[in-house]
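All remarks here apply to the structure that follows.
Protein chains: 2
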Amino acid sequence: MQDGTFFSPGHPEETTPRGNVFARDCPTRKLLDRIGDTWSVLILRLLGDGPQRFSVLKRAVDGISQKMLSQTLRSLERDGLVTRHAEPTVPVSVTYTLTPLGRELLDALGFLIDWAETRMATVGANQRRYDARRLEEI
Amino acid sequence: MQDGTFFSPGHPEETTPRGNVFARDCPTRKLLDRIGDTWSVLILRLLGDGPQRFSVLKRAVDGISQKMLSQTLRSLERDGLVTRHAEPTVPVSVTYTLTPLGRELLDALGFLIDWAETRMATVGANQRRYDARRLEEI
DNA sequence: CTGTATCCAAAGGGATACTG
DNA sequence: CAGTATCCCTTTGGATACAG
């Protein structure tokens, strides 16, 4: 799973130096596999405002199921992007917090989020124009 | 980082509870729906180096199928992120080019890609540590 | 070369029920 | 409150065949 055998051993360097940049295990692909899902980025954003409890996150994200919130938080914890703290009260109170690594990622995501908020309307218009044109062609 | 869909305090029993920042149609979620797939970002990156032909893209992205390359390019074109130009030779030669909007998105993605390339190894280590700890617990 | 259509297996994710 | 387990439908995407 480590070190993709994109090139055969002893194989001379390929013409395109970026050839293996897009190998199965390139960092970009790994990251996309992890945060390209429906919920991870939204949860990271919420935690960017400070530690939050499970139930608060559940209410804050429109449409997320208990299963997916739990599952996503587990993934983020496993990646070292958030930490989980359980206060031994009855009933138990659990708080999730962004780690420094998670904060870094959120910062990097900031530019993308900004782009989405200023440009997605344009993208929507483009889609409508494209679809209208395709209808004409028929 | 705001998307203008805030809590409406005073309507505790709205039939459609969309009074939060992360509504179904918030820009971030829309963008993730579009580029959170396996291939879009990789193709945008390749086109960042300049116009590319279909067959070049096909060879450059490890493991992509003809169907998915075609489908992803069609989506990107529909969004106004790339343009398609077909040279009427025999056989036909098709070139895909990043639009200014696509270039903008790629720039915004740059910070994320940089983060992935410097930090995904750490994430991998975190995952291994997490998994090892869970094994101990059993 | 650049696609589209179809079939099918695997993964994603919602609803529900149950537990400490 | 904070989860886990199960069922099951939907979506994703690979393989293959075919066409302009």
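From first to last, the protein sequence lines stand for chains Y and G.
Mapped onto the working numbering, the consecutive letters of the first sequence carry residue numbers 1150 to 1287.
Mapped onto the working numbering, the consecutive letters of the second sequence carry residue numbers 1150 to 1287.
The beta carbon of each residue, even a glycine, is placed where N, CA and C say it ideally should be.
These figures come from a predicted structure and were not determined experimentally.
### Query
Considering only the beta carbon of each residue, do Y/Leu-1230 and Y/Leu-1250 sit closer than 7 angstroms?
The count along the first sequence starts at 1 and reaches residue 1230 of chain Y at position 81. The count along the first sequence starts at 1 and reaches residue 1250 of chain Y at position 101. Between Y/Leu-1230 and Y/Leu-1250, the CB-CB gap stays under 7 angstroms.
### the region 1205–1214 of chain G / the region 1186–1202 of chain Y touching (three or more Cβ pairs under 8 angstroms)
Segments in contact, no.
### Query
The beta strand (DSSP E) spanning Y/Val-1243 covers which residue range?
Counting from one through the first sequence, the residue named residue 1243 of chain Y turns up at place 94. Counting along the chain, the beta strand (DSSP E) containing Y/Val-1243 begins and ends at 1242–1247.
#### Entry: Alpha carbon of Y/Thr-1165 to alpha carbon of G/Val-1205, nearest angstrom
Position 16 of the first sequence holds residue 1165 of chain Y. Position 56 of the second sequence holds residue 1205 of chain G. Confidence at Y/Thr-1165 is low in this model, with a pLDDT of 38, below 50, so its placement is unreliable and the value that follows should be read with caution. C-alpha separation (whole angstroms): 11 angstroms.
### Task
For the region 1224–1254 of chain G, enumerate the residues whose C-beta is nearer than 8 angstroms to any C-beta of chain Y, in chain order.
Cβ contacts with chain Y: Glu-1226, Arg-1227, Asp-1228, Gly-1229, Leu-1230, Leu-1250, Glu-1253 and Leu-1254.
#### Entry: Residues bridged to Y/Arg-1233 [DSSP beta-bridge criterion]
In the first sequence, counting from the first residue as 1, residue 1233 of chain Y sits at position 84. The partner list for Y/Arg-1233 (beta bridge, DSSP) reads Y/Tyr-1245.
### Query
According to the Cβ coordinates, are G/Ala-1257 and Y/Leu-1191 closer than 7 angstroms?
Residue 1257 of chain G sits at position 108 when you count from the first residue of the second sequence. Residue 1191 of chain Y sits at position 42 when you count from the first residue of the first sequence. No. Outside cutoff.
#### Entry: CB contact below 7 angstroms: Y/Pro-1158 versus chain G
Looking up residue 1158 of chain Y in the first sequence gives position 9. Residue confidence is low: Y/Pro-1158 scores 31 on pLDDT, short of 50, so the model does not pin down where it sits. No coordinate-derived value is stated.
### Query
In terms of DSSP beta bridges, what is Y/Gln-1215 paired with?
Along the first sequence, one-based indexing puts residue 1215 of chain Y at 66. DSSP output for Y/Gln-1215 lists no bridge partner at all.
### Query
Using a C-beta cutoff of 7 angstroms, does Y/Met-1269 count as contacting chain G?
By one-based count along the first sequence, residue 1269 of chain Y stands at place 120. Answer yes: the Cβ-Cβ gap between Y/Met-1269 and chain G drops below 7 angstroms somewhere.
### Query
Can you give the Cα-Cα distance for Y/Arg-1194 and G/Ile-1213, rounded to whole angstroms?
Counted from its first residue, the first sequence places residue 1194 of chain Y at position 45. Counted from its first residue, the second sequence places residue 1213 of chain G at position 64. Taking the straight line joining both Cα atoms gives about 31 angstroms.
### Query
Three-state secondary structure (DSSP) at G/Val-1272?
Against the second sequence, residue 1272 of chain G aligns to sequence position 123. Of the three classes helix, strand and coil, the one that applies to G/Val-1272 here is helix, per DSSP.
### Query
Nearest-angstrom Cα distance between Y/Ala-1265 and G/Glu-1285?
On the first sequence, position 116 is the one that residue 1265 of chain Y refers to. On the second sequence, position 136 is the one that residue 1285 of chain G refers to. CA-to-CA, the gap between Y/Ala-1265 and G/Glu-1285 works out to about 43 angstroms.
### Task
Name the one or two DSSP bridge partners that G/Gln-1201 has.
Position 52 of the second sequence holds residue 1201 of chain G. According to DSSP, G/Gln-1201 bridges with G/Tyr-1245.
### Query
G/Glu-1266 touches chain Y at which residues, Cβ-Cβ below 7 angstroms?
Translated into positions along the second sequence, residue 1266 of chain G becomes position 117. Within chain Y, the residues near G/Glu-1266 are Pro-1176.
#### Entry: Extent of the continuous alpha helix (DSSP H) to which G/Lys-1194 belongs
For the purposes of this step, residue 1194 of chain G is taken as the residue at position 45 of the second sequence. First, the residue type needs correcting, since residue 1194 of chain G is Arg and not Lys in the sequence shown. That run of the alpha helix (DSSP H) goes 1189–1196.
### Query
In whole angstroms, what separates the C-alpha of G/Asp-1280 from that of Y/Arg-1233?
If you number the second sequence from 1, residue 1280 of chain G lands on position 131. If you number the first sequence from 1, residue 1233 of chain Y lands on position 84. Roughly 15 angstroms between the two C-alpha positions.
### Message
Taking 7 angstroms as the threshold (C-beta atoms), are G/Leu-1255 and G/Gly-1199 in contact?
### Response
Taking the second sequence and counting its residues from 1, the one referred to as residue 1199 of chain G is at position 50. Taking the second sequence and counting its residues from 1, the one referred to as residue 1255 of chain G is at position 106. For G/Gly-1199 and G/Leu-1255, no; Cβs fall outside 7 angstroms.
### Query
Exposed or buried, Y/Val-1241, counting other C-beta atoms within 10 Å across all chains shown (16 or more means buried)?
The count along the first sequence starts at 1 and reaches residue 1241 of chain Y at position 92. So Y/Val-1241 counts as exposed.
### Inter-residue Cα distance where the pair is Y/Pro-1176 and Y/Val-1239
Numbered from 1 along the first sequence, position 27 holds the residue referred to as residue 1176 of chain Y. Numbered from 1 along the first sequence, position 90 holds the residue referred to as residue 1239 of chain Y. Per the coordinates, the alpha-carbon of Y/Pro-1176 lies some 42 angstroms from the alpha-carbon of Y/Val-1239.
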